[in-house]
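Here our numbering is used: the first residue of the sequence shown is 8, the next is one more, and so on.
All C-beta atoms in this analysis are idealised placements derived from N, C-alpha and C, irrespective of residue type, glycine included.
Predicted, not measured: the structure shown is a model, and the values here were computed from it.
Structure first, then comments.
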Amino acid sequence: MQTAFNLTMETTTCDLSRTGLHADDLKRSFLDNLFYVLGKFPAIATQNDYYQALAYTVRDRLLQRWINTAATYTAQGSRTVAYLSAEFLMGPHLGNNLINLGIYDVAKQAMTELGLDFETLLEQEEEPGLGNGGLGRLAACYLDSLATLEIPTLGYGIRYEFGIFAQDIKDGWQVELTDKWLRAGNPWEIPRPEWAVAVKIGGHTERYQDRAGNYRVRWIPYQVLKGMPYDTPILGYHSNTANTLRLWTAQAPESFDFDAFNSGDYLGAVHEKVFSENISKILYPNDDASQGKLLRLTQQIFFVACSLQDMIRILNRQGIPVEKFHEKFAVQLNDTHPSISVAELMRLLIDDHDMPWDRAWDITQKTLAYTNHTLMPEALERWPVDLFAQILPRHLEIIYEINLRFLDEVRIRFPDDDARLSRMSLIDETGDRYVRMAHLACVGSHAINGVAALHTELLKKDVLRDFFELYPEKFSNKTNGVTPRRFMVLSNQPLAKFISEKIGDGWVLNLDKLKQLEANIEDPEFRQQWHRIKQERKQELAVYIQNQYGLTVDPTSLFDIQAKRIHEYKRQHLNALHIVTLYNRIKANPDIEITPRTFLVWWQSSARVLHGQAHHQTDQLHRGYRQPRSRRAGALKSFVLKELQREICPTGVSRSGFVRANLYRRQGSFGDRQHEICPQWCVDDWHPRWSQCGNSRRGGARKLLLIWSDSGRSL
8 MQTAFNLTME
18 TTTCDLSRTG
28 LHADDLKRSF
38 LDNLFYVLGK
48 FPAIATQNDY
58 YQALAYTVRD
68 RLLQRWINTA
78 ATYTAQGSRT
88 VAYLSAEFLM
98 GPHLGNNLIN
108 LGIYDVAKQA
118 MTELGLDFET
128 LLEQEEEPGL
138 GNGGLGRLAA
148 CYLDSLATLE
158 IPTLGYGIRY
168 EFGIFAQDIK
178 DGWQVELTDK
188 WLRAGNPWEI
198 PRPEWAVAVK
208 IGGHTERYQD
218 RAGNYRVRWI
228 PYQVLKGMPY
238 DTPILGYHSN
248 TANTLRLWTA
258 QAPESFDFDA
268 FNSGDYLGAV
278 HEKVFSENIS
288 KILYPNDDAS
298 QGKLLRLTQQ
308 IFFVACSLQD
318 MIRILNRQGI
328 PVEKFHEKFA
338 VQLNDTHPSI
348 SVAELMRLLI
358 DDHDMPWDRA
368 WDITQKTLAY
378 TNHTLMPEAL
388 ERWPVDLFAQ
398 ILPRHLEIIY
408 EINLRFLDEV
418 RIRFPDDDAR
428 LSRMSLIDET
438 GDRYVRMAHL
448 ACVGSHAING
458 VAALHTELLK
468 KDVLRDFFEL
478 YPEKFSNKTN
488 GVTPRRFMVL
498 SNQPLAKFIS
508 EKIGDGWVLN
518 LDKLKQLEAN
528 IEDPEFRQQW
538 HRIKQERKQE
548 LAVYIQNQYG
558 LTVDPTSLFD
568 IQAKRIHEYK
578 RQHLNALHIV
588 TLYNRIKANP
598 DIEITPRTFL
608 VWWQSSARVL
618 HGQAHHQTDQ
628 LHRGYRQPRS
638 RRAGALKSFV
648 LKELQREICP
658 TGVSRSGFVR
668 ANLYRRQGSF
678 GDRQHEICPQ
688 WCVDDWHPRW
698 SQCGNSRRGG
708 ARKLLLIWSD
718 SGRSL
């Protein structure tokens, strides 16, 4: 008689060959994955095959924790954070997961015993092309921290087939290449085709009465997309909790038209497939043209609609009524990109679940919270009403109704103030009519935050002042930060181990504990060891530069580093002007006393920004000084050993500037515009001041080395 399996168990246990954390367990699992998953044996395996086998080996260890976490959340009906973001700048997974599992050194030992170079395997991993800059890195840091804090979380976004672009330098100029980060597959993700959902686009609406005589609206779409999720486990640091990053890819409901093909229309047979897949094809398509704007707005409604429907699926699966949506999910909108969630959630509750307006609005406001990232007008998204009506006719009707009720509320609070009504309206009617997405997010959320104290205060006083005066209780500050696991424990292990020897490893979970290092600042031995670790890392970078570029770098020179996406308003060209100025000083006076300095610059910009600035600056400032393209290793190696950090931006507009401004002010070393910092505690690597830092050497910097290369997207 066959024995039935017990399918009601809440957690899963596996044998050690799949989950063991010793070197022998890892080696056995590695060889199994190489053979059974990749179908390779050592004689024909490539370095990428070995990386993939190691990645699957680590993923096996994640899956046990991931499934058990999901089972626990389901059994407990845990309230869940749903983090909606157009970007997730995750960085490579392998090294970070090894650190979080606590088996980095064990994995290195296992690979070495198998005759493989561990660092080479780490370098095989493609950078996930899911983010662009600070917005996406903040989202990644939140996912890491939420898992570490064991807070139930789902990250929702788009599974972009191609990242924003890869960069090369040819003849001194940036060349933009396709970022094919998925070309060799992604061992960390698991497809979930059974959870695919439908997303409506375009068309028109119809009014009708239901059987009870109630007024209803039916949306008749022009097109229906299918969104399919891919899940990636996000493990907490030294924790058994693994949360989920769920990314949506766009597909056509029917990918092949047999009638068109049989009639000879071969392109038409796959038209729907091509059109649909374009939605998740690339991160941030250029939106200068109307087609680009249409695609950007379609991307936003696509991942928002998929995510909210997925949350309703979870409610149904757990037997929770939709009326308790806000009790199950706390939805965080990361900037204005997902702000269409306000209208989409209302549409789902009213149209699909027959809920009265007031009840649906109460649930929507209690569910959503909004993070503002910038005061720049171009970042406070707004969409032409005509374009909005073309793509989202039902949502526009809902926004009009929200606006009507909202402006009545404003009139009651501020009577006879037509100027305020005009400023706060969800529809900008000062010229061409636009939907103001930041206003929609403010009205439809119960909480609004900036990403640093200065930023939040400026929101209250300036760009969102009217909303603060109406809803002061909604505003709070949430200063963003860094993930010490990636930026220190992974990227500068010698320094991380040295710190732990001095103060214990509690600082990895609580950076405030780094203040305990202050007791050692005047200890000559401590300073000598710190400086030795720093110099060893600088020497490693010098060797890397020699191997990659054929250039000799003095590791005793001052490393002056700037890693930035180029934006018009951030004034990065001031750094180039500074370099030219120093060069001219040396040319004019070869005997000048100047600190030897090596400039390392990771810059990346869209072509339109470069071309736009070229009208105002000399061409030479936009050309690369070195042609070879760097790998992320060079960027990551350099970030952790900088001695001088450069932040150039107008105070009050850049989110990264806000964070650094607050940190520098607290340290008493903040400058409004261009500043060079050798603080007592450096933000990125907590580098204590030592006497050698400011030494000047006569005539030592007659050459200035600037490496122009790929952006440091592996932050």
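Cα-Cα separation between residue i and residue j, rounded to whole angstroms
| i | j | result |
| --- | --- | --- |
| residue 254 | residue 341 | 15 Å |
| residue 431 | residue 568 | 42 Å |
| residue 298 | residue 142 | 24 Å |
| residue 521 | residue 67 | 34 Å |
| residue 624 | residue 408 | In this prediction, residue 624 scores a pLDDT of 34, lower than 50, which makes its location untrustworthy; no coordinate-derived value is stated. |
| residue 629 | residue 186 | For residue 629, the pLDDT reaches just 32, beneath the cut-off of 50, and the residue's location in the model is therefore unreliable, although a value from the coordinates is still provided. Near 22 Å, if we compare the C-alpha coordinates of residue 186 and residue 629. |
| residue 132 | residue 426 | 54 Å |
| residue 490 | residue 162 | 17 Å |
| residue 45 | residue 139 | 31 Å |
| residue 25 | residue 195 | 16 Å |
| residue 193 | residue 171 | 18 Å |
| residue 283 | residue 303 | 13 Å |
| residue 773 | residue 183 | Nothing about residue 773 can be reported from this structure: the residues present for the chain run from 8 to 722 only. |
| residue 594 | residue 466 | 46 Å |
| residue 220 | residue 362 | 14 Å |
| residue 504 | residue 53 | 33 Å |
| residue 216 | residue 222 | 5 Å |
| residue 434 | residue 350 | 14 Å |
| residue 477 | residue 169 | 42 Å |
| residue 238 | residue 30 | 28 Å |
| residue 100 | residue 481 | 36 Å |
C-beta contact flag for residue i and residue j at 8 Å
| i | j | result |
| --- | --- | --- |
| residue 440 | residue 405 | no |
| residue 146 | residue 94 | yes |
| residue 398 | residue 208 | yes |
| residue 364 | residue 240 | no |
| residue 559 | residue 451 | no |
| residue 117 | residue 243 | no |
| residue 90 | residue 339 | yes |
| residue 566 | residue 605 | yes |
| residue 249 | residue 69 | yes |
| residue 493 | residue 98 | yes |
| residue 28 | residue 65 | no |
| residue 414 | residue 403 | no |
| residue 579 | residue 610 | yes |
| residue 313 | residue 458 | no |
| residue 212 | residue 86 | no |
| residue 445 | residue 379 | yes |
| residue 300 | residue 447 | no |
Sheet register partners of residue i (DSSP bridge)
| i | result |
| --- | --- |
| residue 483 | 456 |
| residue 505 | In DSSP, residue 505 forms no bridge with anything. |
| residue 216 | 222 |
| residue 565 | 604 |
| residue 377 | 340, 455 |
| residue 175 | 182 |
| residue 211 | 227 |
| residue 491 | Paired residues: none, contrary to the question. |
| residue 232 | 206 |
| residue 169 | 289 |
| residue 390 | 442 |
| residue 250 | 241 |
Selected residue, minimal CA-CA separation from residue i, among the options
| i | options | result |
| --- | --- | --- |
| residue 110 | 245, 55, 217, 299 | 245 |
| residue 129 | 122, 137, 121, 115 | 115 |
| residue 247 | 160, 462, 75, 198 | 75 |
| residue 81 | 152, 139, 160, 121 | 160 |
| residue 381 | 455, 101, 373 | 455 |
| residue 232 | 311, 157, 178 | 311 |
| residue 533 | 506, 176, 518 | 506 |
| residue 164 | 468, 218, 251 | 251 |
| residue 136 | 119, 189, 178, 152 | 189 |
| residue 306 | 323, 318, 287, 324 | 287 |
| residue 373 | 337, 443, 214 | 337 |
Contact with chain C by residue i, beta-carbon distance below 8 Å
| i | result |
| --- | --- |
| residue 597 | Protein chain content of the structure displayed is limited to a single chain, and chain C is not contained in it. |
Checklist entry - Which runs of the beta strand (DSSP E), 3 residues or longer, sit entirely within the region 508-542? => result Listed in chain order, there is nothing to give.
Item to check | Within the region 396-443, ranges of the alpha helix (DSSP H) (whole runs, at least 4 residues) | outcome: As far as the region 396-443 is concerned, its whole alpha helix (DSSP H) runs of at least 4 residues are 400-420, 425-431.
Next on the checklist: So within the region 43-126, which uninterrupted beta strand (DSSP E) runs reach at least 3 residues, ignoring any that extend past its ends?
Outcome noted: DSSP runs (the beta strand (DSSP E)) wholly in the region 43-126: 87-91.
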